[in-house]
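When the first sequence is numbered by my numbering, its final residue is 301 and no position is left out of the sequence of numbers.
Virtual Cβ for every residue (Gly too), placed ideally from N, Cα, C.
Just below is one structure, and these are the notes that go with it.
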Amino acid sequence: MPELPEVETVARDLQRRVAGARIADAEVRWPRTIAHPEPPEAFVEQVRGAQISSVGRRAKSVLVNLADGRVMTVALRMTGALIVAEPGSADDPYARVVFRLADGRELRYRDVRKFGRIGLWEGGGLRRRVAPGVRRRVAEPRRPYRVGDVFGRHGPEPLAASFSSARLAARLAGRSARLKTLLLDQSFVAGVGNIYADEALWRARLHPLRAADTLSPEEVRRLHRALRAVLRQAIANRGSSFSDYVGADGEPGANAERLHVYRRTGEPCLRCGREIRRITVGQRSTHFCPRCQPLPTERP
DNA sequence: ACGCCTACCTGCTTGC
DNA sequence: TGCAAGCAGGTAGGCG
Numbered sequence: 002m003p004e005l006p007e008v009e010t011v012a013r014d015l016q017r018r019v020a021g022a023r024i025a026d027a028e029v030r031w032p033r034t035i036a037h038p039e040p041p042e043a044f045v046e047q048v049r050g051a052q053i054s055s056v057g058r059r060a061k062s063v064l065v066n067l068a069d070g071r072v073m074t075v076a077l078r079m080t081g082a083l084i085v086a087e088p089g090s091a092d093d094p095y096a097r098v099v100f101r102l103a104d105g106r107e108l109r110y111r112d113v114r115k116f117g118r119i120g121l122w123e124g125g126g127l128r129r130r131v132a133p134g135v136r137r138r139v140a141e142p143r144r145p146y147r148v149g150d151v152f153g154r155h156g157p158e159p160l161a162a163s164f165s166s167a168r169l170a171a172r173l174a175g176r177s178a179r180l181k182t183l184l185l186d187q188s189f190v191a192g193v194g195n196i197y198a199d200e201a202l203w204r205a206r207l208h209p210l211r212a213a214d215t216l217s218p219e220e221v222r223r224l225h226r227a228l229r230a231v232l233r234q235a236i237a238n239r240g241s242s243f244s245d246y247v248g249a250d251g252e253p254g255a256n257a258e259r260l261h262v263y264r265r266t267g268e269p270c271l272r273c274g275r276e277i278r279r280i281t282v283g284q285r286s287t288h289f290c291p292r293c294q295p296l297p298t299e300r301p
């Protein structure tokens, strides 16, 4: 399940391995993977001959920046992976899109469950920012092809220097939604998924069902620190692998064994020993320690 | 604003 | 053993 740390790992791997490479040709084996442009034949035509200048990340998408300023976005969703295959490698039956590089290697988009999407966009607009207090600019023309529009509704990057505790507090204020729901909401904060939402709440000792606007300033600071620490540690370990996630080298990450609550239902809390519980919040499995993460109204 | 539902997909696990 | 149901969860879109 690629979340921010897994996508960051893939992007860093690719930056090291394919920056500077030229895409000689591409083959689309599952047309629905191509979200833009349509039809997929147009995508192949437009990407052919392009040179990759650098690879980055925004939210849970890999950004493949092309030398001419265009950007290819790769949303891995559940089971997507970008893997660099050396010449002569065995074919992959789950490769949905194959980019043949001019040097003989292949950049393969592999996706067992086919949820992932790839788009090719004009650059620009990525850092678009509206000054505080300004509601809407006058009749901004629609430019649906700009990569910035793809992420126009996403929230801030939690590891950005600008994502301060005060900023988190401001975003939580007036929100009655549960913490777990908000952490998973990409327009609230970008890149957090089920694993790191649960891990951050455990680390911050906050119950997943707490209403966001009931947190004390101290609790907001704990959440801010916990979220960033959990994400940073996962990146340092090259991400958490369960069944599908691998880096661009095809190797799984090492962070899964470092998780404290996720998929540890019934096992002892690593802080207090109480059994980890699993509940459903917004149709998502949610893991927490009932002693370390109490609801204020409850006495566990 | 918020919660809830469905659709998209396939592989693996579980239960009879 | 075989087969079907259940489960995993990121995201878009719809409904109340």
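Beta-carbon proximity of residue i to residue j, cut-off 8 Å
i	j	result
residue 200	residue 262	yes
residue 232	residue 169	no
residue 288	residue 279	yes
residue 97	residue 26	no
residue 249	residue 18	yes
residue 148	residue 175	no
residue 85	residue 12	no
residue 155	residue 188	yes
residue 151	residue 194	no
residue 283	residue 182	yes
Inter-residue Cα distance where the pair is residue i and residue j
i	j	result
residue 108	residue 52	13 Å
residue 325	residue 91	The structure shown does not extend to residue 325, since the chain is modelled only from 2 through 301, so no value can be given for it.
residue 67	residue 16	12 Å
residue 134	residue 265	For residue 134, the predicted model reports a pLDDT of 39, less than 50, meaning its position is unreliable and no value from the coordinates is stated.
residue 29	residue 36	12 Å
residue 228	residue 294	15 Å
residue 49	residue 89	21 Å
residue 292	residue 207	10 Å
residue 71	residue 296	48 Å
residue 184	residue 39	33 Å
residue 186	residue 218	21 Å
residue 47	residue 197	36 Å
residue 7	residue 215	31 Å
residue 160	residue 209	21 Å
residue 243	residue 5	15 Å
residue 285	residue 269	21 Å
residue 122	residue 69	11 Å
residue 95	residue 234	30 Å
residue 226	residue 24	41 Å
residue 277	residue 241	19 Å
residue 272	residue 290	9 Å
residue 146	residue 33	18 Å
residue 73	residue 43	14 Å
residue 202	residue 213	12 Å
Neighbourhood of residue i by C-beta distance below 8 Å, restricted to the same chain and skipping five residues each side
i	result
residue 81	3, 75, 110, 111, 112, 116 and 117
residue 55	16, 20 and 66
residue 128	Its pLDDT being 46, under 50, residue 128 is placed unreliably in this model, and the value from its coordinates should be taken loosely. Excluding positions up to five away in sequence, the list reads 149.
residue 136	The predicted position of residue 136 is uncertain, since its pLDDT is 40 and thus under 50; no value can be drawn from it.
residue 281	287
residue 31	97, 98, 112 and 115
Spatial neighbours of residue i in its chain, beta-carbon cut-off 7 Å, leaving aside the 5 residues before and after
i	result
residue 104	22
residue 221	166, 169, 170 and 173
residue 45	27 and 29
residue 340	Because residue 340 is not part of the residues shown, which for the chain are 2 to 301, the question remains open.
residue 9	58 and 236
residue 238	254, 255, 256 and 259
residue 60	152, 155, 187, 191 and 192
residue 87	106
residue 251	84
residue 14	248, 249 and 250
residue 93	109 and 111
residue 41	29, 32 and 35
residue 164	157 and 158
As assigned by DSSP and simplified to three states, the class of residue i
i	result
residue 237	helix
residue 80	coil
residue 25	strand
residue 266	coil
residue 125	coil
residue 252	coil
residue 113	coil
residue 261	coil
residue 91	coil
residue 296	coil
residue 86	strand
residue 276	strand
residue 96	strand
residue 107	strand
residue 18	helix
Contacting residues, own chain, Cβ-Cβ under 6 Å from residue i (five flanking each side not counted)
i	result
residue 211	180
residue 158	191
Inset, instruction - Enumerate, from N- to C-terminal direction, the unbroken alpha helix (DSSP H) stretches of 4 or more residues contained entirely within the segment 142–223. - result: Within the segment 142–223, the complete alpha helix (DSSP H) runs of at least 4 residues are 148–151, 166–173, 180–185 and 195–205.
Legend entry - beta strand (DSSP E) runs contained entirely in the segment 35–73, provided each spans 3 or more residues: Secondary structure remark: continuous beta strand (DSSP E) runs of at least 3 residues inside the segment 35–73, in chain order: 35–37, 53–59 and 62–67.
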